[in-house]
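Heads up, the thing below is written out as structure tokens.
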Amino acid sequence: MDCSARERIINPPVIADVIREQARRYPDRVALTFEGKSYTFSEMNERSNRAAQALLGLGIGPGDRIAWVARNVATFWHALFAATKIGAVMTPINWRLAPPEIAAILADSQAKIFVAEQMFLDALNAVEGFAPPRTFVLESGGANCFDRLIDGSEAIEPDYKPKHDDVVVQLYTSGTTGLPKGVLLTNRCYHAVGEAGLKRGVIIPRSDDESILHSLPHFHVAGVNFGIMGMSRAMPVIQHRQFDPAAIVKEAQGATPLTSFLVPAMIMMIVEAAKAMKLPLSAFSCVSYGAAPMPEPLLDAAIKMFPNARFLQFYGMTETTGGATVLDPEDHEKGKKQRVSAGTPLPGSHIKICDPATGSELPQGATGEIVIRNGFIMKGYWNRPGATAEAIRDGWYWSGDAGHFDENGFLYVVDRIKDMIISGGENIYPAEIENVLAAHPGVLEAAVIGVPDEKWGEVVKAFVVKRAGASLTSDEIIDYLRPNIAGFKLPKTVAFLDALPRNPSGKILKTSLRKM
96 MDCSARERII NPPVIADVIR EQARRYPDRV ALTFEGKSYT FSEMNERSNR AAQALLGLGI
156 GPGDRIAWVA RNVATFWHAL FAATKIGAVM TPINWRLAPP EIAAILADSQ AKIFVAEQMF
216 LDALNAVEGF APPRTFVLES GGANCFDRLI DGSEAIEPDY KPKHDDVVVQ LYTSGTTGLP
276 KGVLLTNRCY HAVGEAGLKR GVIIPRSDDE SILHSLPHFH VAGVNFGIMG MSRAMPVIQH
336 RQFDPAAIVK EAQGATPLTS FLVPAMIMMI VEAAKAMKLP LSAFSCVSYG AAPMPEPLLD
396 AAIKMFPNAR FLQFYGMTET TGGATVLDPE DHEKGKKQRV SAGTPLPGSH IKICDPATGS
456 ELPQGATGEI VIRNGFIMKG YWNRPGATAE AIRDGWYWSG DAGHFDENGF LYVVDRIKDM
516 IISGGENIYP AEIENVLAAH PGVLEAAVIG VPDEKWGEVV KAFVVKRAGA SLTSDEIIDY
576 LRPNIAGFKL PKTVAFLDAL PRNPSGKILK TSLRKM
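Under this note's numbering, think of the first position of the sequence shown as 96, with each following residue one higher.
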């Protein structure tokens with residue numbers, strides 16, 4: 096590791112001071128590159144000041160929400176730092192949702208202004224009853240262009256003094272079930288998770304020129320976190336407008352060492368694209384992943400395709416500012432039992448396994464609900480006191496994930512509690528079956544759900560996506576599983592799909608599969 100790279104890392108108490116301090120220390124160092132244009136830390140700080148003055152001129156103040164519906168444009172970062180400088184709250188909304196869903200979240204956010212790409216506004220304006228707040232368009236150049244408004248404002252530092260408990264972002268949960276809830280993450284959350292990461296030694300650049308390759312959407316907790324993490328480390332952030340596996344493979348052909356955060360589905364697509372393009376992925380210095388389980392066969396394929404990369408898994412959720420446990424690079428080595436675990440708790444993160452029905456703590460090895468306490472748990476859900484009280488009890492966050500600890504303190508995330516199948520009184524966790532299916536050479540990906548059954552209550556159904564050129568039948572899938580899992584866990588039926596439905600975080604939408 097380059098010592099000077101380590102010295103550039105900062106973790107100030109408030110996010111606004113990340114850009115201020117790095118602009119003071121490294122004014123001419125590149126902070127952000129987007130579609131051919133680069134911004135130094137000095138330019139980032141200056142433009143965030145212009146954006147802050149523009150927002151103040153619009154009457155935006157502490158606690159006001161700025162709704163945002165756009166792909167990953169550079170202006171998001173200018174607006175985010177501007178908002179933190181005046182105590183306002185950035186509220187990026189999932190642009191992949193249907194227009195009525197976006198309109199409902201926008202209404203829930205009670206945003207004072209709305210900033211969006213024109214392509215999303217056209218669809219939203221067709222929604223019956225859509226009544227947005229004052230709206231600005233990105234990259235349009237017209238009278239209501241948000242970028243033009245920023246450019247025409249003065250680069251003056253705001254007078255506001257950010258507070259530790261100011262909400263920085265309001266991120267809406269992925270909504271695999273029910274309506275998304277607005278998760279409130281504060282300066283305190285980001286400072287605490289940043290401190291835990293530094294103590295654990297995560298994402299420490301190994302060279303002066305190591306850069307962040309950023310393609311996760313800004314409405315995702317890791318999409319916000321990884322950009323802030325890069326800038327707090329004075330690592331140039333190479334921002335892609337959206338995830339494109341072929342574009343990422345091409346980006347990796349340069350000499351710049353790359354660090355990226357990806358969900359397993361993205362890793363799978365990059366691996367397949369690199370194979371198809373016959374191009375190497377040796378430029379990657381570090382590959383972090385999370386948000387969904389990584390099947391061991393995919394992990395093996397990824398390690399082979401990213402030969403110079405350290406692999407790092409983060410387990411957490413939006414409600415814990417993305418942090419809870421980490422699986423370190425050395426724990427990914429072939430033959431180590433813990434390589435399929437979620438790792439061990441971050442410093443300051445306390446985790447226990449509880450019976451979801453009684454709330455009592457379970458012994459080591461028993462499977463139950465993962466319950467977390469740390470300094471980076473959300474402030475709460477926006478305007479949902481009941482949901483907040485249900486999720487956070489006596490300072491502990493009840494995750495809804497099922498898991499267990501092994502004898503060495505490694506956490507294994509088994510599944511979502513709600514996805515557990517109860518068949519004839521036996522508990523079946525779909526992930527167990529999915530992991531076995533992932534090793535089949537003809538299976539690209541698979542998902543398992545429970546379906547109602549008069550005799551057994553529920554029975555297992557598997558959905559399988561075949562690899563190109565593979566010829567598989569339902570009987571062949573069941574015969575493959577038979578020697579590897581208990582008989583009561585075997586699927587009664589197998590359906591073949593072209594692709595599995597996923598939310599933007601890469602998580603499989605089992606609600607959609609159940610509707611099928």
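In this text, a Cβ means the ideal position worked out from N, Cα and C, and glycines have one as well.
Between the stretch 212-223 and the stretch 297-307, the count of Cβ pairs shorter than 8 Å is below three; the stretches do not touch. DSSP links P187 through a beta bridge to W163. The bridge partners DSSP lists for V466 are K447 and W493. The three-state secondary structure of R142, taken from DSSP, is helix.
Scanning its chain for C-beta atoms nearer than 6 Å, with the 5 sequence neighbours on each side dropped, one finds around W163 the residues P187 and V210, in chain order. Secondary structure note for V288: its alpha helix (DSSP H) is the uninterrupted segment N282 to R295. Y134 sits in a strand when the DSSP states are folded into three classes. In the DSSP assignment, Q213 falls within the alpha helix (DSSP H) that extends over Q213 to L219. Among the bridge pairs identified by DSSP, A590 is matched with F558. For H309, the enclosing beta strand (DSSP E) starts and ends at S306 to H309. Where S204 is concerned, the enclosing alpha helix (DSSP H) starts and stops at P194 to S204.
Taking one beta carbon from each stretch, the stretch 133-148 and the stretch 340-348 have fewer than 3 pairs nearer than 8 Å; the two do not touch. Distance from the CA atom of A193 to the CA atom of V222, rounded to whole angstroms, is 10 Å. Boundaries of the beta strand (DSSP E) harbouring V264: V262 to Y267, taken from the DSSP string. In the structure shown, the three-state DSSP call for R229 is strand. When the alpha-carbon of F471 is set against those of G289, N239 and S235, the nearest one is in G289. The Cβ-Cβ distance between I544 and K584 does not fall below 8 Å.
Looking at the backbone, the Cα of R120 and that of I251 are separated by about 19 Å.
A329 has its alpha-carbon roughly 25 Å from the corresponding atom of D260. Looking at the DSSP output, F209 sits in a beta bridge with A162 and T230.
For M364, the closest of R103, L539 and G152 by C-alpha to C-alpha distance is L539. For V509, the closest of A178, G322 and Y410 by C-alpha to C-alpha distance is Y410. Residue L576 holds the alpha-carbon nearest to the alpha-carbon of V559 among L576, V344, T483 and P451.
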